[in-house]
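A short write-up of the structure that comes next.
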Amino acid sequence: MSTKVRRSTHLSRHLELLRQQRGLRPGQLAMAIGASNPSKVGSLIRSFELGDRLSDHWLQALVEELQPDPSDLRRCLRLDQEEAQRQLEQERLAWEAWADAPIDPFLTIRYIPAVYGVREVPRAFCTPRDTAEDNAWARDRAEDWAAVELKRFRAKGFLSWSRRERTWFDKGGLNPSQQAVTFEDRHTGAWMQVSGSQRRFLLGSTGELITSSFGLDQHA
260 MSTKVRRSTH LSRHLELLRQ QRGLRPGQLA MAIGASNPSK VGSLIRSFEL
310 GDRLSDHWLQ ALVEELQPDP SDLRRCLRLD QEEAQRQLEQ ERLAWEAWAD
360 APIDPFLTIR YIPAVYGVRE VPRAFCTPRD TAEDNAWARD RAEDWAAVEL
410 KRFRAKGFLS WSRRERTWFD KGGLNPSQQA VTFEDRHTGA WMQVSGSQRR
460 FLLGSTGELI TSSFGLDQHA
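Okay, so the sequence shown: first residue is 260 according to my numbering, each after it adds one.
This is the structure in structure tokens:
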């Protein structure tokens, strides 16, 4: 569901234009701003022009060296802020639609730090859900089941009742706490990731790798 896209900004494109007008390659510009490793910083500059982030230190150095017209600088910053707000609103609407889709409840188990697994809640413990009363009754049963599972593994975890509703448990299934999930805290959750890889995964009940559903599609 992720909408992350690598793209340049009005500011990065304007600074790139000023660099080109001076006939400088990224590495030469890096030397001009005092980089001790021009090759590395030149690569950072070029990546910034193509859409990656740049540290405040090097961004300030670029502005001081290239000296963009203040009115052009303000215009670029205003346009970038407007685009960022539009993108955030698009992401919010996409998340709201994603969060409203029904799911089968599941339990995320933190076996040890940074090692997570998931287990589907047996249907007998999470149905019926047709009415508010049925839903509350079924959720209580699902939470009881989750607490027993976490006690068995002596682990922490949380029950995802829907994409908007979770119940968090302390170690051993103690102290259940129902919490709402909103767009602002949408990145809370659990997954594993190998260094250098974008793929996120969890462990299934038999140790198999799971790479989709169970909240992973939110970060795809």
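Cβ coordinates follow ideal geometry from the N, Cα and C atoms, glycine included.
Only a predicted model underlies this, so the values are computations on that prediction, with no experimental measurement involved.
Determine which residues share a DSSP beta bridge with residue 379 and list them. Stepping through the sequence shown from its first residue, residue 379 is reached at position 120. Beta-bridge pairing by DSSP links residue 379 to 365.
Rounded separation between residue 272 and residue 447 - CA only: Here residue 272 is taken as the residue at index 13 of the sequence shown, counted from 1. Here residue 447 is taken as the residue at index 188 of the sequence shown, counted from 1. Rounded to the nearest angstrom, the two C-alpha atoms are 33 Å apart.
Would you identify the three-state DSSP class for residue 425, choosing helix, strand or coil? As a first step, residue 425 is located in the sequence shown; it is residue number 166 there, counting from the start. Looking at residue 425 - three-state DSSP - the assignment turns out to be strand.
To the nearest angstrom, how far is the alpha carbon of residue 297 from that of residue 285? Position 38 of the sequence shown, counting from 1, holds the residue named residue 297. Position 26 of the sequence shown, counting from 1, holds the residue named residue 285. Their Cα atoms are separated by approximately 8 Å.
With DSSP collapsed to three states, give me the class of residue 304. Locating residue 304 in the sequence shown gives position 45, counting from the first residue. In the structure shown, residue 304 sits in a helix (DSSP, three-state: H, G or I).
Reduced DSSP secondary structure (H/G/I, E/B, other) of residue 387: As a position in the sequence shown, residue 387 is number 128, starting the count at 1. Residue 387 falls in the coil class under three-state DSSP.
Taking residue 412 as the reference, which of 280, 294, 368, 274 has the closest Cα? Numbered from 1 along the sequence shown, position 153 holds the residue referred to as residue 412. Of the candidates 280, 294, 368, 274, the one whose C-alpha sits nearest the C-alpha of residue 412 is 368.
Does the beta-carbon distance from residue 397 to residue 385 come in below 9 Å? For the purposes of this step, residue 397 is identified with residue 138 of the sequence shown, where counting begins at 1. For the purposes of this step, residue 385 is identified with residue 126 of the sequence shown, where counting begins at 1. Yes; because the gap between Cβ atoms is below 9 Å, this pair is in contact.
Please name the residue or residues paired with residue 417 in a DSSP beta bridge. Start at 1 with the first residue of the sequence shown, and residue 417 comes out as number 158. Partner(s): 367, 427.
Start-to-end residues for the beta strand (DSSP E) that takes in residue 435: In the sequence shown, the residue the question calls residue 435 occupies position 176. Taken as a continuous stretch (DSSP letters only), the beta strand (DSSP E) holding residue 435 covers 433-439.
From the DSSP output, in three-state form, read off residue 452 for me. Residue 452 sits at position 193 when you count from the first residue of the sequence shown. DSSP places residue 452 in strand when its eight states are reduced to three.
Could you tell me which whole alpha helix (DSSP H) segments of length 4 or greater appear in the stretch 292-348? 297-309, 315-325
Should residue 293 be labelled buried (16 or more other beta-carbon atoms within 10 Å of its own) or exposed? Numbered from 1 along the sequence shown, position 34 holds the residue referred to as residue 293. It is exposed - the Cβ of residue 293 has fewer than 16 other Cβ atoms within 10 Å.
When the Cα atoms are used, what is the spatial distance from residue 454 to residue 390? In the sequence shown, the residue the question calls residue 454 occupies position 195. In the sequence shown, the residue the question calls residue 390 occupies position 131. Cα to Cα, the separation comes out at about 44 Å.
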